[in-house]
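Below is one structure, written out as structure tokens; the observations come after it.
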DNA sequence: CTTGACCTTCCCATGATGGGAAGCTCTATC
DNA sequence: GATAGAGCTTCCCATCATGGGAAGGTCAAG
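Protein chains in written order, with my numbering: chain A, 401 to 544; chain B, 401 to 544.
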């Protein structure tokens, strides 16, 4: 099948399939005489694996490791578990950061009239920076 | 003061100060004859405002609105509150996405021996995609 | 043989941030 | 006054995963 059908049946866009090939996450696809990429059921299975890992928030780097382990029938499950748990710890750290932000903002908003009057503790806090209630905004925080 | 001191006292890197000026979040700084940017206490206050908003996860777009409201002494607090609560809702949506991922992965890891044996439900799930326990991986999800 | 869907590569953009090069300016010390 | 070193300037590049779109080749149905 061509890349379009592989994309539809795997849930990975054609753009991303080409990208994954270019960065070496997946092997170069076979080509027709005209240069079209072709995929078989096996390739689509790999793409599905990638899509599920991606949906669980794994980075390309982590997916590279997971794919290698998937293919390695003699793998040690400890290795897979370690990657998964490291990822969980990473996710939980991000959750805590976000919770700190939400808590601070909710608190401030709770004290804001939210009417036509100009007084607003949210703005006041941003301007003065009194409350240091949010999770410590250390390095490494990225939004979206 | 020059950009270096403004960066140190505001907590916003010189790189980012130039970036914020270039994209129009802050006004063009005054310049010395030699072309050096100069900042006064007022400018540093603005930069501090930006840093705090950034630490709370506001995007540049949201910061633009918040800065305008900060300067507008006749603002309606309802407007500020709306931006803050919209942002909280956005944060909470991201938290739920992350929690779904962490839950699924923790569940899978809990059933993985994590030893020298190759059997691993984490890999099996990625390969087969049986459990659809994670938050629906709709469009718009971005990692980090 | 034309039409339209599909494929190819290539370049650009995102958002917020940092790295680094090449070159100019300022200040302190000799 | 010269020199060293810190600090400033602009410009370009990279990140990460993803999409948009242009220019042009290919294929299948009518």
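Just so you know, even glycine gets a beta-carbon here, dropped at the ideal spot from N, CA and C.
Of the residues the options, the one placed nearest residue i, counting alpha carbons only
| i | options | result |
| --- | --- | --- |
| residue 426(A) | 444(A), 476(A) and 491(A) | 444(A) |
| residue 523(A) | 476(B), 528(B), 508(B) and 520(B) | 476(B) |
| residue 510(B) | 519(A), 482(A), 419(A) and 430(A) | 482(A) |
| residue 484(B) | 454(B), 405(B), 528(B) and 448(B) | 454(B) |
| residue 490(A) | 514(A), 459(A) and 472(A) | 459(A) |
| residue 525(A) | 447(A), 507(A), 497(A) and 517(A) | 507(A) |
| residue 486(B) | 505(A), 462(A), 441(A) and 456(A) | 505(A) |
| residue 464(A) | 408(A), 498(A), 521(A) and 421(A) | 421(A) |
| residue 478(A) | 408(B), 500(B), 516(B) and 478(B) | 516(B) |
| residue 499(B) | 500(A), 501(A), 473(A) and 494(A) | 494(A) |
| residue 442(B) | 514(B), 462(B), 401(B) and 473(B) | 401(B) |
| residue 461(A) | 423(A), 473(A) and 528(A) | 423(A) |
Other residues of its chain near residue i: CB distance less than 6 angstroms, five sequence neighbours each side excluded
| i | result |
| --- | --- |
| residue 480(B) | 469 |
| residue 452(B) | none |
| residue 412(B) | 447 and 451 |
| residue 406(B) | 439 and 444 |
| residue 519(A) | none |
| residue 471(B) | none |
| residue 449(B) | none |
| residue 466(B) | 453 |
Identified DSSP bridge partners for residue i
| i | result |
| --- | --- |
| residue 438(A) | 430(A) |
Contact with chain B by residue i, beta-carbon distance below 8 angstroms
| i | result |
| --- | --- |
| residue 429(A) | no |
| residue 462(A) | no |
| residue 444(A) | no |
| residue 513(A) | yes |
| residue 507(A) | no |
| residue 441(A) | no |
| residue 504(A) | yes |
| residue 424(A) | no |
| residue 534(A) | A caution first: residue 534(A) carries a pLDDT of 47, below 50, which makes its placement in the model unreliable, though a value can still be read off. Yes - at least one Cβ of chain B is within 8 angstroms of the one on residue 534(A). |
8 angstroms Cβ cutoff, residue i in contact with chain A
| i | result |
| --- | --- |
| residue 413(B) | no |
| residue 416(B) | no |
| residue 519(B) | yes |
| residue 465(B) | no |
| residue 494(B) | yes |
| residue 378(B) | Residue numbering for chain B in the displayed model covers 401 to 544; residue 378(B) lies beyond these limits and cannot be assessed. |
| residue 545(B) | There is simply no residue 545(B) to check, as chain B begins at 401 and stops at 544 in what is shown. |
| residue 484(B) | yes |
| residue 447(B) | no |
Continuous alpha helix (DSSP H) stretch holding residue i: start and end
| i | result |
| --- | --- |
| residue 486(B) | 477–510 |
| residue 524(B) | 521–528 |
| residue 471(A) | 460–471 |
| residue 418(B) | 414–422 |
| residue 404(B) | 403–410 |
Cβ neighbours of residue i in the same chain (closer than 8 angstroms, five flanking residues each side left out)
| i | result |
| --- | --- |
| residue 403(A) | 414, 417, 418, 429, 436, 437 and 439 |
| residue 457(A) | 487 and 491 |
| residue 513(A) | 519 and 520 |
Same chain only: Cβ atoms within 7 angstroms of residue i, ignoring 5 sequence neighbours per side
| i | result |
| --- | --- |
| residue 432(B) | 438 |
| residue 356(A) | The shown model of chain A, from 401 to 544, leaves out residue 356(A), and the question about it has no answer. |
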